[in-house]
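Input: a single structure, listed below in structure tokens.
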Amino acid sequence: MHRRSIRKRSWRSSAAAARTCRRGWPASRETVGVGEFISPQPTPHGGGCTRGEPAPPSLNPPPATNLPYTRRQMPDEIVDDAAEAGAPLAAPHELTLDILRHSAAHLMAAAVVQLYPGAQYDVGPAIEDGFFYNFRLPDAAHFSDTDLQRIEERMHELAAQQLPYEPQVMERAAARQLFESAGQNFKVDIIDRIDPAVQQVSVYRTGEFVDLCRGPHVSHSGLLRATKLLRVAGVYWRGDERNEQLQRVYGTAWFSQDELAAYLHRLEEAERRDHRRIGKELELFHFDPTAPGMTYWLPDGVVIFNELLQYSRAQHQRWGYREISTPIVNDSALWKTSGHWDHYRENMFLIPVDEQTTYGTKPMNCPNAMVVFNLRRRSYRELPVRFSDWGVLHRFERSGTLHGLLRVRKFQQDDAHIFVTEEQIEEEYARVFEICTHLYGLFDLEYSYRLGTRPDHFLGEATMWDRAEAALLRLLDRHAGPGGYAVDPGEGAFYGPKIDILVKDAIGRQWQLGTIQLDYQLPRRFGCVYIDRDGSEQTPAVIHRAVYGSLERFIGVLIEHFAGHLPLWLAPVQCELIPVQDDADDVLHFVDSVGERLAAAGLRVDVNRRSGERMQGKVRGAELRRVPYVIVLGRKDLERGDGVVRVRDIRRHQQEDLPLDDLVTRLAAEAAERRPA
RNA sequence: GCCGGCGUAGCUCAGCGGUAGAGCAGCUGUUUUGUAAACAGUCGGUCGUGGGUUCGAUUCCCUCCGCCGGCUCCA
């Protein structure tokens, strides 16, 4: 259900981490990434696969990104890349934003070292929309926002000096000595981690600042004229919580001030789509300090929630699922059987009942599905058995991780557990993919698949995993196309590999929605069996799957995707009627009668009879409330008596005159067909 | 949980060592309006919580709670 980042490479930002490169290529060519140094043919170009394109090491130019402003003709003065390991690189032909940003990271480190003598710098790659650098400050000091301003000012000064970026190839040992004598322990550590076969490394000098780096870079700092530092964060060294925390500074860099301004403007626009903001404005949901991460669904939000729920329920019934509803709390005995007690307890809300008994609030539905399956003997004839369960789940997520509807502690999944024979796995997966295609197709959502494979700590035998992973890869190749998905090594569930469906929020953060997981362990732990054709007992496999994922997260994503302008079938109020004369009984009657016509067609209608507010004000209010259709009716319409109304389509910014009958038919059809906005 | 930031009226925010202000919303009145804001008046806050410093704290310091951005985590 949750966003996962990549272990062991977590020096990247979460945004970068989420952009897992296809087939497991590292997602960034960082200054000093160990993996890159051992590459016999380092990428000749700063772009690498930072943006997530497939980018195996190669001398070919990497593919262009889809951002039109990513590339620029490279100025002549851009120097050739220094070659590590003595291998000359092809000269980059263009100055990319990645090169620019990586160079900005160097400049920032240079500024920090000047301003904070004794600061150590660790790694500082270009990332999507910017760059960062990690530091350790003397006396374990921390950066605050005012430090950011100082650093940024110094960067501007250094940029004005047009300091050259000078590459230098060094013997590895010499480089080690250089950094050791400078007290740059991180760099020494990085050199020590480089493949022993590599004998030469390159460094770049910018003024007095020197960094271990394979380049390439801008020719001089004067090109860094549009940079801005954004925020500071504490990050664990090498991404491991057990390590010390370093200070990371994030910044952004662009070719021009105009582009920088456009980027900042884009961030502001995204903020307007933020589901937390819209949810508050439209009174869809609420989070109370007494229940962090646990949604209060307000009346209009419940409409959205229930529409999604009802539709999915009805569809799942058609698709052969039987719905069950199971307890929200179970005795710890259940969680011990399932393995949650050992593997997930710290994420559960526990309820002590008496001295001997503790209940656990369910973080997942699966164990109870096992209980239901086991209620009687099962025959191979009835497989696949599909149990859907919309139960309320609670997970004790760490306080710093909550995020509106997108990361909550109480939620409902469109969950189901499918008991299958080994032979049925592929076909059943294909069916689930069809469901995904259908449900996501309703919203014009852009989504991607990701396969998580066997983690370090796993249950069962490796051969079984290999077989399961191979099957899932086949399915993904068929369903998403070869390469049309990402592979995240080691990111499977501990009981089986999984396929996740990922969608981005307003500012590009990636979230996991749906998940399709293959599980051999849980049915075994619960002793689930079916009687096979030959009379023998067999253990079924179980497919855990949720398509929306959680209703909460899905709605959060939808709100951002549509900026609050939901498809008609989900809109809490679908049509608002505004009387021009709100003190005239005959007009009000007329408006009411039109409202009844629409309501009779199954539409959610509001008649705005508030007196004291002018018609124009009501139109504005309806617009702000994202009511999809607004109809203003007055005495003229009543007296004309031709049944023609003028309807305002909020989402398309259009107005149209048409007969009421036609309007009713049209809106009812739009809602019934669940067309996206 | 960790790092940084924030918490002032229902909402969005200003203010600041001398016990608070705007716009919108709400309410009342006038207006009856033809497609994104009529006008006037008025109500409304023990400045998140607890403690400390001070003659005096919304303001400075600390604790806790919550929120925001990262990190970590995330079956």
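For the first sequence, our numbering begins at 583 and goes up steadily by one. Positions of the beta carbon are idealized from the N, C-alpha and C atoms, including for glycine. Only a predicted model underlies this, so the values are computations on that prediction, with no experimental measurement involved.
- DSSP places His-1171 outside any beta strand (DSSP E); the residue lies instead in the alpha helix (DSSP H), whose first and last residues are 1167–1182.
- Assignment of Asn-956 by DSSP, reduced to helix, strand and coil, places it in the coil class.
- About 19 Å separates the CB atoms of Leu-730 and Ser-803; that is not less than 8 Å, and the two are not in contact.
- At least 8 Å separates the beta-carbon of His-684 from that of Phe-717.
- DSSP places Tyr-903 outside any beta strand (DSSP E), giving it a letter other than H or E.
- A Cβ-Cβ separation of about 10 Å leaves Val-1139 out of contact with Leu-1084 under the 8 Å criterion.
- In this structure, DSSP gives Tyr-1077 a state outside helix and strand, which the three-state scheme calls coil.
- Boundaries of the alpha helix (DSSP H) around Phe-1136: 1133–1144.
- By the Cβ neighbour-count rule, Thr-678 is buried, with 16 or more other Cβ atoms within 10 Å of its own.
- By alpha-carbon distance to Gly-861, the top candidate from Trp-879, Tyr-1211 and Glu-1016 is Trp-879.
- In this chain, the alpha helix (DSSP H) harbouring Thr-1045 covers 1044–1062.
- Per DSSP, reduced to three states, the secondary structure at Ser-763 is helical.
- Non-local C-beta neighbours of Thr-1003 in its own chain, meaning closer than 6 Å and more than five positions away in sequence, comprise Leu-965, ordered along the chain.
- When the five nearest sequence neighbours on each side are left out, the beta carbons in the same chain lying within less than 7 Å of the beta carbon of His-1143 are those of Phe-1025 and Leu-1027, in order along the chain.
- Within a 10 Å sphere around the beta-carbon of Ala-915 sit fewer than 16 other beta-carbons, which makes this residue exposed.
- For Asp-913, same chain residues with a beta-carbon under 7 Å away, outside a window of 5 residues either side, are Thr-939 and Tyr-941 in chain order.
- DSSP, read as helix, strand or coil, puts Cys-948 in helix.
- Taking 3 residues as the minimum length, the beta strand (DSSP E) runs contained wholly in the segment 686–727 are 712–718, in order along the chain.
- Counting only residues of its own chain and dropping the five nearest sequence neighbours on each side, Leu-689 has a CB closer than 6 Å to the CB of Met-737, Leu-740, Ser-803 and Leu-806.
- Distance from the Cα of Val-1226 is smallest, within the candidate group Ala-1052, Leu-1242, Leu-1220 and Ile-733, for Leu-1242.
- Listed as beta-bridge partners of Gly-816 by DSSP are Gln-829.
- Ser-1118 sits in coil when the DSSP states are folded into three classes, being neither helix nor strand.
- When beta bridges are read from the DSSP output, Phe-867 appears opposite Trp-879.
- Beta-bridge analysis with DSSP links Gln-1094 to Leu-1084.
- By a beta-carbon distance limit of 8 Å, Phe-1001 contacts Val-967. Their separation comes to about 4 Å.
- With 16 or more other CB atoms across the displayed protein chains lying within 10 angstroms of its CB, Val-1129 is buried.
- When Cβ pairs closer than 8 Å are counted between the two stretches, the segment 1205–1213 is seen to touch the segment 1228–1239, the count reaching three or more.
- When the five nearest sequence neighbours on each side are left out, the beta carbons in the same chain lying within less than 6 Å of the beta carbon of Ile-1113 are those of Ser-961, in order along the chain.
- In the three-state DSSP reduction, Ile-1125 falls in the strand class (E or B).
- The beta carbons of Gly-1042 and Gly-1074 sit no closer together than 8 Å.
- Its Cα nearest to that of His-724, the residue Arg-830 stands out among Glu-1008, Thr-1045 and Arg-830.
- Using a C-beta cut-off of 8 Å, the segment 872–887 makes no contact with the segment 1004–1013, since fewer than three inter-stretch Cβ pairs fall below that distance.
- Annotation for His-802: no alpha helix (DSSP H) segment contains it, and DSSP assigns it neither H nor E.
- Per the coordinates, the alpha-carbon of Ile-1137 lies some 21 Å from the alpha-carbon of Gly-982.
- If you check the CB distance, Ala-998 and Ser-1030 do not come in under 8 Å.
- Inter-residue distance for Ala-742 and Arg-1091 is about 34 Å (C-alpha atoms, whole angstroms).
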